[in-house]
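Contents: one structure, followed by commentary.
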Amino acid sequence: MNNSGNSNNNTVSHLSSALRQVNLGNSNTTTDQSNINFELSQGHSNSDETITRNERTQSGAAAHAEAQAQQIQQRQRQQAQEQQIFSNLGPVDDSRIRLFFQNQPMEGYTLFSHRSAPNGFKVAIVLSELGLPYNNFFLDFNAGEHRAPEFVSVNPNARVPALIDHGMDNLAIWESGAILLHLVNKYYKETGESPLWSDNLADQAQINAWLFFQTSGHAPMIGQALHFRYFHSQKIASAVERYTDEVRRVYGVVEMALAERREALIMELDTENAPAYSAGTTPLSQSRFFDYPVWLVGDSISIADLAFVPWNNVVDRIGINIKVEFPEVYKWTKQMMRRPAVIKALRGE
Numbered sequence: 020m021n022n023s024g025n026s027n028n029n030t031v032s033h034l035s036s037a038l039r040q041v042n043l044g045n046s047n048t049t050t051d052q053s054n055i056n057f058e059l060s061q062g063h064s065n066s067d068e069t070i071t072r073n074e075r076t077q078s079g080a081a082a083h084a085e086a087q088a089q090q091i092q093q094r095q096r097q098q099a100q101e102q103q104i105f106s107n108l109g110p111v112d113d114s115r116i117r118l119f120f121q122n123q124p125m126e127g128y129t130l131f132s133h134r135s136a137p138n139g140f141k142v143a144i145v146l147s148e149l150g151l152p153y154n155n156f157f158l159d160f161n162a163g164e165h166r167a168p169e170f171v172s173v174n175p176n177a178r179v180p181a182l183i184d185h186g187m188d189n190l191a192i193w194e195s196g197a198i199l200l201h202l203v204n205k206y207y208k209e210t211g212e213s214p215l216w217s218d219n220l221a222d223q224a225q226i227n228a229w230l231f232f233q234t235s236g237h238a239p240m241i242g243q244a245l246h247f248r249y250f251h252s253q254k255i256a257s258a259v260e261r262y263t264d265e266v267r268r269v270y271g272v273v274e275m276a277l278a279e280r281r282e283a284l285i286m287e288l289d290t291e292n293a294p295a296y297s298a299g300t301t302p303l304s305q306s307r308f309f310d311y312p313v314w315l316v317g318d319s320i321s322i323a324d325l326a327f328v329p330w331n332n333v334v335d336r337i338g339i340n341i342k343v344e345f346p347e348v349y350k351w352t353k354q355m356m357r358r359p360a361v362i363k364a365l366r367g368e
């Protein structure tokens, strides 16, 4: 399908170069709930036993009314704060969004993304790998399209990615991990086939574990490292170091898992040299299977692997060279980056 939601279809979307150009300033802005103070009146106790039941009732009613009045005032202050915050973000040009919702497709998928958002490309990769028809709708953050009411109705978090499944009565799904699970589960139920997924419950559990690790630990840490390195209002060396070190720790987890998978594969397939490998007299790197593709779960690629690709594609921006520091991660990523569906998705096609 064509990228009908994109006004600049000829632009090649390579994540690393896109990230060099875009300013994500107002893409991370919402109401800061930590700045909202809730001050509810608790009333005052009175130990004077001469107060009558009627007086107690009146006193309780007055305290309740006072508490309600304070709650109303607090809500009004909160609304004023929110209005001030959003007014500082500038006006929202939602004309493109409104036009889309007035003329939604009857089938396929619409992926709301941004040209510098790795999580959006993560979904595009899986859609492309499964051969599913979809349109990219790249939001314009500078125009505030992510804050348009129509888009917020799709993703209440006002972030990308979000997906509309037009074949399921325009079902809206948000959060990249949830979107990927929806796609592979639906594909399995409709076709009986499980590419990028598994029909084995134990493998499904492991795929889910790696997927959640990517969405909760891998992506956010790289995102924070990028933010403090390039977009934060002040240069805070300790923050850059803290998040970069955490990214390295996460990659260490993946590197170890892939290395163990490779060792097991070599010992299984290269049986004639297995004793020498076990004895340490011959390094595993001399095996003809040393560059053979290995995956996080089972013997085939899954969403657990593909979820890492777009973020691996930009991690050099925080000073991590995965080819040098994490050779198994590098080989694994290179295998995936060569896949036609991955290339197509990363180009924004």
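So the sequence shown is numbered by this note's numbering: it starts at 20 and just counts up by one. Beta carbons: idealized from backbone N, C-alpha and C, even for Gly.
Residue i, buried or exposed, once every other Cβ within 10 Å from all chains shown has been counted against 16
i, result
"A364", "buried"
"T263", "buried"
"N340", "exposed"
"E287", "exposed"
"N332", "buried"
"Q241", "What sits at residue 241 in the sequence shown is Ile, not Gln. By the neighbour-count rule (16 or more Cβ atoms within 10 Å), I241 is buried."
"A221", "exposed"
"N42", "Bear in mind that a pLDDT of 36 at N42, under 50, signals an unreliable position, so the model cannot answer this."
"P294", "exposed"
"T352", "buried"
"R268", "exposed"
"S217", "buried"
"R357", "exposed"
"N219", "exposed"
"A81", "exposed"
Residue nearest to residue i in terms of C-alpha spacing, selected from the options
i, options, result
"T234", "E368, P359, L202 and E194", "E194"
"R281", "E291, V269, Y296 and R268", "Y296"
"P359", "Q121, S147 and Q123", "S147"
"G271", "K342, P312, E291 and N219", "K342"
"V259", "A244, L325 and Q89", "A244"
"V313", "P294, D335, E274 and T290", "E274"
"I144", "E209, L284 and I198", "I198"
"V361", "Q121, A81 and K141", "K141"
"G236", "G196, L118 and P175", "G196"
"F231", "S252, G338, A326 and F250", "A326"
"N174", "M187, K254 and I192", "I192"
"F120", "S135, N189 and N138", "N189"
"S114", "W216, H165, G186 and S252", "H165"
"D184", "G127, D289, Q253 and M355", "G127"
"G186", "L151, P239, F170 and L284", "L151"
"R117", "G139, F170 and D289", "F170"
Span separating the alpha-carbon of residue i from that of residue j
i, j, result
"V266", "S172", "33 Å"
"T167", "L277", "Sequence inspection shows Ala at residue 167; the Thr mentioned does not correspond to that position. Distance between the alpha carbons of A167 and L277 is about 42 Å."
"Q92", "W330", "45 Å"
"Q123", "E212", "29 Å"
"P180", "D310", "33 Å"
"V316", "V203", "15 Å"
"Q89", "H83", "10 Å"
"T210", "L149", "11 Å"
"M355", "Q87", "59 Å"
"Y249", "R336", "9 Å"
"V334", "Q253", "21 Å"
"R366", "S135", "12 Å"
"K208", "I255", "49 Å"
"H246", "S257", "13 Å"
"N138", "A238", "8 Å"
"V328", "P214", "17 Å"
"F308", "E291", "13 Å"
"E368", "L200", "22 Å"
"G338", "I285", "32 Å"
"M125", "S306", "52 Å"
Would you call the segment 149-161 and the segment 341-351 in contact, with 3 or more CB pairs under 8 Å?
The answer is no - the segment 341-351 does not touch the segment 149-161, with fewer than three Cβ pairs under 8 Å.
Between the segment 107-127 and the segment 294-303, can you find at least three pairs of beta-carbon atoms closer than 8 Å?
no
Using 8 Å as the Cβ pair cut-off and three pairs as the minimum, do the segment 147-158 and the segment 131-139 touch?
yes
Report the residue ranges of all alpha helix (DSSP H) runs contained in full by the segment 185-220; include only those spanning at least 4 residues, in chain order.
195-210
4-residue-minimum alpha helix (DSSP H) runs that sit fully inside the segment 152-177, ordered along the chain:
168-173
So, does the segment 211-228 touch the segment 315-332, judging by three or more C-beta pairs under 8 Å?
The segment 211-228, when compared against the segment 315-332, does touch it at the 8 Å Cβ threshold.
Quick one: complete beta strand (DSSP E) runs, 3+ long, within the segment 309-347?
none
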